[in-house]
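K.L.:
Start counting the sequence shown at 117; every next residue gets the next number (this note's numbering).
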Amino acid sequence: MTKAMNISYEIGNKLYLNITNKCPCNCTFCIRNNGDGAYGSDPLWLEHQPSAAEVAADLKKRDLDSYEEIIFCGYGEPTNEFEILKETARYIKSVTQTPLRLNTNGLGSLINKRDIAPELEGLIDTVSVSLNASDAQAYDAVTRPSFKGVNCFEEMLRFAKEASKYVPNTMLTVVDVIGEEEIAKSQAVADKVGIKLRVRRYES
């Protein structure tokens, strides 16, 4: 495992923010299992947990207006450092109009022990929640969450529904490796909660 302090990294014309390596899940398909970086990036394992000031200092080296989108998505679950996420989002909103997206496992309210969805209003333009499976049993098998005695599948769906009240462009996502049948079942789940589903291509 190679460590560095690569807080931001580019993929195409989008900028990704790697603000933490903490995550309460150990997903079977997680790109962290395949190497030290994502899609050709430099290592994303952080030498230490960056502060909001460190994240801002890193962003000041970038031309934030030049990106199509800025995305909280790195080698960890961004809501594990929710205060840093919010402070970073406020900074970004103060210096650019480039839209902000949060890629999340949807367990942020469990992580922070409160409903965090209202706090996303005005800071995040798109919320992308990993659905990953069509029922609680399959979800636990795929995501392997560390929370015990909790229906994480239902908590994730509850977060997505709450987030959609404050960030209208909220979506659920699955990775195409789960197969056509599971994708169809996932679509039914998304339809039931009234949130659009996006099928992501798996990148090894």
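By construction, the Cβ of each residue, glycine as well, lies at the ideal position given by its N, Cα and C atoms.
As the structure is a prediction and not an experimental result, all values here were calculated from the model.
Leaving out five residues on either side along the sequence, give the residues of the same chain with a beta carbon under 7 Å from the beta carbon of L201.
P.N.:
As a first step, residue 201 is located in the sequence shown; it is residue number 85 there, counting from the start. Excluding residues within five positions, the ones whose Cβ falls inside 7 Å are I135, F188, P194 and T195.
K.L.:
Grab me the residues of C268's own chain with a C-beta within less than 8 Å of its C-beta, minus the 5 sequence neighbours each way, in chain order.
P.N.:
For the purposes of this step, residue 268 is identified with residue 152 of the sequence shown, where counting begins at 1. So the list reads L223, L226, A252, Y255, D256, T259 and P261, once near-sequence residues are dropped.
K.L.:
With DSSP collapsed to three states, give me the class of L236.
P.N.:
As a working mapping, residue 236 is identified with position 120 in the sequence shown. Note: L236 maps to helix in three-state DSSP.
K.L.:
Let me know the beta strand (DSSP E) ranges lying completely inside the segment 122-192, each 3 residues or longer, listed in chain order.
P.N.:
Listed in chain order, the complete beta strand (DSSP E) runs (minimum 3 residues) inside the segment 122-192 are 124-127, 130-133 and 185-188.
K.L.:
Check for me: the alpha helix (DSSP H) holding L223 runs from which residue to which?
P.N.:
Numbered from 1 along the sequence shown, position 107 holds the residue referred to as residue 223. Per DSSP, L223 belongs to no alpha helix (DSSP H) and is neither H nor E.
K.L.:
Straight-line CA distance for T286 to T242?
P.N.:
Position 170 of the sequence shown, counted from the first residue, corresponds to residue 286. Position 126 of the sequence shown, counted from the first residue, corresponds to residue 242. In a straight line, the C-alpha of T286 is about 6 Å away from that of T242.
K.L.:
Given that a residue counts as buried once 16 or more other Cβ atoms are within 10 Å of its Cβ, and exposed if not, what is P166?
P.N.:
Numbered from 1 along the sequence shown, position 50 holds the residue referred to as residue 166. Classification of P166: buried, given that the 10 Å Cβ count is 16 or more.
K.L.:
If you draw a straight line from the C-alpha of A304 to the C-alpha of R274, how long is it?
P.N.:
Taking the first residue of the sequence shown as position 1, residue 304 is located at position 188. Taking the first residue of the sequence shown as position 1, residue 274 is located at position 158. Those two C-alpha atoms are separated by around 16 Å.
K.L.:
Quick one, are the C-beta atoms of L133 and G190 less than 9 Å apart?
P.N.:
Reading the sequence shown from its first residue, position 17 is the one you call residue 133. Reading the sequence shown from its first residue, position 74 is the one you call residue 190. Going by C-beta atoms, L133 is nearer than 9 Å to G190.
K.L.:
Can you give me the Cβ contacts of E184 inside the same chain, cut-off strictly under 6 Å, excluding the 5 residues immediately before and after it?
P.N.:
As a working mapping, residue 184 is identified with position 68 in the sequence shown. Correct list, in chain order: N129 and K130.
K.L.:
Report the residue from N142, D231 and I127 whose alpha carbon sits nearest the alpha carbon of G192.
P.N.:
Stepping through the sequence shown from its first residue, residue 192 is reached at position 76. Residue N142 is the option with its Cα nearest to G192.
K.L.:
Exposed or buried, what is S250 when buried is set at 16 or more other beta-carbons lying within 10 Å of its beta-carbon?
P.N.:
Here residue 250 refers to the residue found at position 134 when the sequence shown is read from its first residue. Its Cβ being crowded by 16 or more others within 10 Å, S250 is buried.
K.L.:
Helix, strand or coil: which one does DSSP assign to R333?
P.N.:
Here the chain has residues from 117 to 320 only, and residue 333 is not among them.
K.L.:
Less than 7 Å between C-beta atoms, sequence neighbours within five positions excluded: which residues of the same chain meet that for D231?
P.N.:
For the purposes of this step, residue 231 is taken as residue 115 along the sequence shown, with counting starting at 1. Taken in chain order, the residues that qualify are S225 and E278.
K.L.:
Answer with buried or exposed for M117, where buried requires no fewer than 16 other C-beta atoms within 10 angstroms of its C-beta.
P.N.:
Translated into the one-based positions of the sequence shown, residue 117 becomes position 1. That one is exposed.
K.L.:
Roughly how many whole angstroms lie between the Cα atoms of Y282 and M272?
P.N.:
Your numbering for residue 282 matches position 166 in the sequence shown. Your numbering for residue 272 matches position 156 in the sequence shown. Each residue's alpha carbon lies about 16 Å from the other.
K.L.:
V293 and F145 look like a contact to me (Cβ under 8 Å); what is the Cβ gap, rounded to whole Å?
P.N.:
Position 177 of the sequence shown, counted from the first residue, corresponds to residue 293. Position 29 of the sequence shown, counted from the first residue, corresponds to residue 145. So it is a contact: roughly 6 Å between Cβ atoms.
K.L.:
Mapping DSSP to helix, strand and coil, what is V309?
P.N.:
Residue numbering aside, residue 309 sits at position 193 when the sequence shown is read from its first letter. Of the three classes helix, strand and coil, the one that applies to V309 here is helix, per DSSP.
K.L.:
Quick one: residues in its chain with C-beta nearer than 8 Å to the C-beta of W161, no 5 flanking neighbours on either side, listed in chain order?
P.N.:
The sequence position of residue 161 within the sequence shown is 45, counting from 1. Closer than 8 Å at the Cβ level, and outside the excluded window around W161, lie M117, T118, K119, A120, N137, D152 and Y191.
K.L.:
Here's a check: name, in chain order, each residue in its chain whose Cβ is nearer than 6 Å to the Cβ of A300, leaving out the five neighbours to either side.
P.N.:
As a working mapping, residue 300 is identified with position 184 in the sequence shown. None.
K.L.:
Residues in its own chain within less than 7 Å of S280 by CB, not counting five upstream and five downstream?
P.N.:
Position 164 of the sequence shown holds residue 280. So the qualifying residues of the chain are T286 and I311.
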